[in-house]
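Below: the structure, in structure tokens.
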Amino acid sequence: GVRLTDFYTASPTCTVSRACLLTGRYPQRHGLNIQLPGIEGNYGEGLSQSETLLPELLKPLGYATGCFGKWNIGFAPGSRPTERGFDEFFGHASGNIDYYTHVYNLKPDLHRGTETVEVEGYSTDLFADEAIDFIKRHQDQPFFVYLPFNAPHFPNPKNKRPGEPCIWQAPEKAFEAYGWNESETNPKRGYYAVITAMDSAVGRVMGTLDDLGLTEDTVVIFYSDNGAFMLKDRGLEVASNRPFRDGGVTLYEGGIRVPCIVRWPGRIEAGSVCREPLISFDWFPMAVHLAGGEIPEDLVVDGQDPIKTLTEGVPSPHDSLFFEYRNFRAMREGRYKIVASDPDGGFALYDLETDSGEEIDLGKEEPKRLERMKDMFENWRAEMPH
25 GVRLTDFYTA SPTCTVSRAC LLTGRYPQRH GLNIQLPGIE GNYGEGLSQS
75 ETLLPELLKP LGYATGCFGK WNIGFAPGSR PTERGFDEFF GHASGNIDYY
125 THVYNLKPDL HRGTETVEVE GYSTDLFADE AIDFIKRHQD QPFFVYLPFN
175 APHFPNPKNK RPGEPCIWQA PEKAFEAYGW NESETNPKRG YYAVITAMDS
225 AVGRVMGTLD DLGLTEDTVV IFYSDNGAFM LKDRGLEVAS NRPFRDGGVT
275 LYEGGIRVPC IVRWPGRIEA GSVCREPLIS FDWFPMAVHL AGGEIPEDLV
325 VDGQDPIKTL TEGVPSPHDS LFFEYRNFRA MREGRYKIVA SDPDGGFALY
375 DLETDSGEEI DLGKEEPKRL ERMKDMFENW RAEMPH
């Protein structure tokens, strides 16, 4: 497939990133720009029920639609996956669950459709198993699989009963791959095992496509919903966003510039590299167009179909990309990016081509460029309804 070096997620946090993917829109347009908090937030409406989700456009085109894994955009009646265009759902409503007990804040949080269920097993493997079964059952018709793993979310102490160890969880074979034991308490080793288990699960899904002869007819997109969290005080400095600055919940490159690979044998050159700036909500129009559909005229979508960028090497369909989350504001135009980390503070200007770590502020050297980009950001922000 093709490796995207300059791929962005539309938000540096789970809930918002997923809402952008499924709507094709900036959070400032669809209105959900916070991480849903606790039981109340995750089981509330979340993303407005007036929003059109990707599977709702694919189903009329004859597609079977399945979601297996983390939902995290609202689970009130009317907000659940099978009420938002998915034929099937097996997963959790919240932002994270215990990998084995499947609880969130000690509440059972594994669901099939709209019903809470009890199923034994490691969540990554369970979600991959469900996706594989779905693909096998729908191999003779077009299908759309949304497979948002719980992994590699960090272990949440709120999901543990008193006395239970809050450690990274993975099957024994994932630890044994490195010569380690399943009871390993070193967080970095645990993280590696969680990633290894996820890699194995993805491999099984890809292997199923091969076995069924569906590989050349299936576009596979793999990316992260945000950069790794760099919170040393919570034991989360186990991953790395290097050479990028900072991580999740920030709008520095480490928070929003994420790994991404797209595979489509015969159309996308294997082992190729795309250095054009693209963003996660671009998959929305691309999926609709590849399915033979069109975006409804009354639906405003911010994503731009990047298929020619991936298959023919044409420039990005975006002249600029905009971001806003909490106190952060940012914009990328070509090789340049502006970032503000304080609502009352000014923007810094970076040249990402020579300074991907965002260390050298060029604002004083190029004041005209900085002012022009600031004006572009403010004009964009003024156009957004939320």
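When you number the sequence shown by our numbering, it's gap-free, plus one each residue, and the end is 410.
Ideal Cβ placement from N, Cα and C applies to all residues, glycine included.
Spatial distance of glutamate 377 from serine 344 (CA atoms):
Approximately 15 Å, taken between the alpha carbons.
In the DSSP output, which residue or residues are listed as bridge partners for lysine 131?
The bridge partners DSSP lists for lysine 131 are Tyr128.
Thinking C-alpha only, which one of Asp368, Arg393 and Trp204 is nearest isoleucine 362?
Selected option, being the one with the closest Cα: Arg393.
Glycine 387 CB to nearest chain B CB: under 9 Å?
Any reference to chain B falls outside this structure, which holds one protein chain only.
Leaving aside the five residues before and after glycine 137 along the sequence, list all residues of the same chain whose C-beta is less than 7 Å from its C-beta, in chain order.
Contacts found: Thr106 and Phe113.
Can you tell me the Cβ-Cβ gap for valine 297 and threonine 29, rounded? I've got them flagged as a contact below 8 Å.
With a beta-carbon spacing of about 6 Å, valine 297 and threonine 29 fall inside the 8 Å limit used to define contacts.
Could you give the first and the last residue of the continuous beta strand (DSSP E) run that contains threonine 89?
DSSP places threonine 89 in the uninterrupted beta strand (DSSP E) bounded by 88 to 94.
Backbone CA spacing between alanine 152 and methionine 230 [nearest angstrom]:
Approximately 10 Å, taken between the alpha carbons.
Check whether the Cβ atoms of glycine 25 and valine 244 lie closer than 9 Å to each other.
Closer than 9 Å, so yes.
Which word fits threonine 209, buried or exposed, when buried means at least 16 other C-beta atoms lie within 10 angstroms of its C-beta?
In the assembly as shown, threonine 209 is an exposed residue. Its beta-carbon has fewer than 16 other beta-carbons within 10 Å.
I'd like the list of long-range same chain contacts for tryptophan 404, defined as Cβ closer than 6 Å, with 5 residues on each side in sequence excluded.
Leaving aside the five residues that flank tryptophan 404 on each side, the residues in its chain whose CB is nearer than 6 Å to its CB run, in chain order, Phe346.
Simplified DSSP state of serine 173, which is helix, strand or coil:
Here residue 173 is phenylalanine; the residue named in the question, serine, does not match the sequence. Phenylalanine 173 falls in the coil class under three-state DSSP.
May I ask you to list the residues that DSSP assigns as paired with lysine 361?
As a beta-bridge residue in DSSP terms, lysine 361 pairs with Arg356 and Tyr374.
Taking Cβ to Cβ, would you say threonine 47 is nearer than 9 Å to serine 41?
Going by C-beta atoms, threonine 47 is not nearer than 9 Å to serine 41.
Give the DSSP-derived three-state secondary structure of histidine 313 in the structure shown.
Helix.
Please confirm whether glycine 337 and tryptophan 307 have their CB atoms less than 9 Å apart.
The answer is no: Cβ separation not under 9 Å.
Looking at the structure shown, is arginine 42 part of a helix, part of a strand, or coil, going by DSSP?
Helix at arginine 42.
What is the rounded straight-line gap between the Cα of glycine 316 and the Cα of phenylalanine 371?
Cα to Cα, glycine 316 sits roughly 42 Å from phenylalanine 371.
Output the distance between the C-alpha atoms of lysine 19 and glutamine 73, rounded to the nearest integer angstrom.
In the structure as shown, the chain begins at 25 and stops at 410. Residue 19 is therefore absent and cannot be evaluated.
Rounded to whole angstroms, how far is the Cβ of phenylalanine 352 from the Cβ of threonine 274, which I believe are closer than 8 Å?
So it is a contact: roughly 6 Å between Cβ atoms.
So what's tyrosine 216 in DSSP terms, helix, strand or just coil?
Correct three-state label for tyrosine 216: helix.
Since arginine 405 is in the alpha helix (DSSP H), which residue starts that stretch and which ends it?
From DSSP, the alpha helix (DSSP H) with arginine 405 extends over 391 to 407.
Whole angstroms is fine: what's the gap from asparagine 120's alpha carbon to glutamate 196's?
If you take the alpha carbons of asparagine 120 and glutamate 196, they lie about 21 Å apart.
Histidine 116 - containing beta strand (DSSP E), residue span:
Note, histidine 116: beta strand (DSSP E), 112 to 116.
Which of helix, strand or coil DSSP assigns to glutamate 291
Residue identity differs from the one stated: residue 291 is arginine in this sequence, not glutamate. DSSP, reduced to helix, strand and coil, places arginine 291 outside both helices and strands of the structure shown, so it counts as coil.
Counted within 10 angstroms of its Cβ, other Cβ atoms place proline 320 as buried (16 or more) or exposed:
Of the other Cβ atoms in all chains shown, fewer than 16 fall within 10 Å of the Cβ of proline 320; this residue is therefore exposed.
Neighbour-count burial assignment, arginine 266, 16 or more Cβ in a 10 Å radius
Around the Cβ of arginine 266, a 10 Å sphere holds fewer than 16 other Cβ atoms; the residue is exposed.
Phenylalanine 347: first and last residue of the uninterrupted beta strand (DSSP E) it sits in
345 to 349 is the extent of the beta strand (DSSP E) around phenylalanine 347.
Taking the CB atoms as reference points, tell me whether glutamine 193 and tyrosine 128 lie closer together than 9 Å.
No, these two residues do not count as a Cβ contact at 9 Å.
Three-state secondary structure (DSSP) of serine 296:
DSSP places serine 296 in strand when its eight states are reduced to three.
Less than 8 Å between the CB atoms is what I'm expecting for glycine 237 and valine 282, so what's the real figure, rounded?
For glycine 237 against valine 282, the beta-carbon gap comes to about 31 Å, at or over 8 Å, which does not count as contact.
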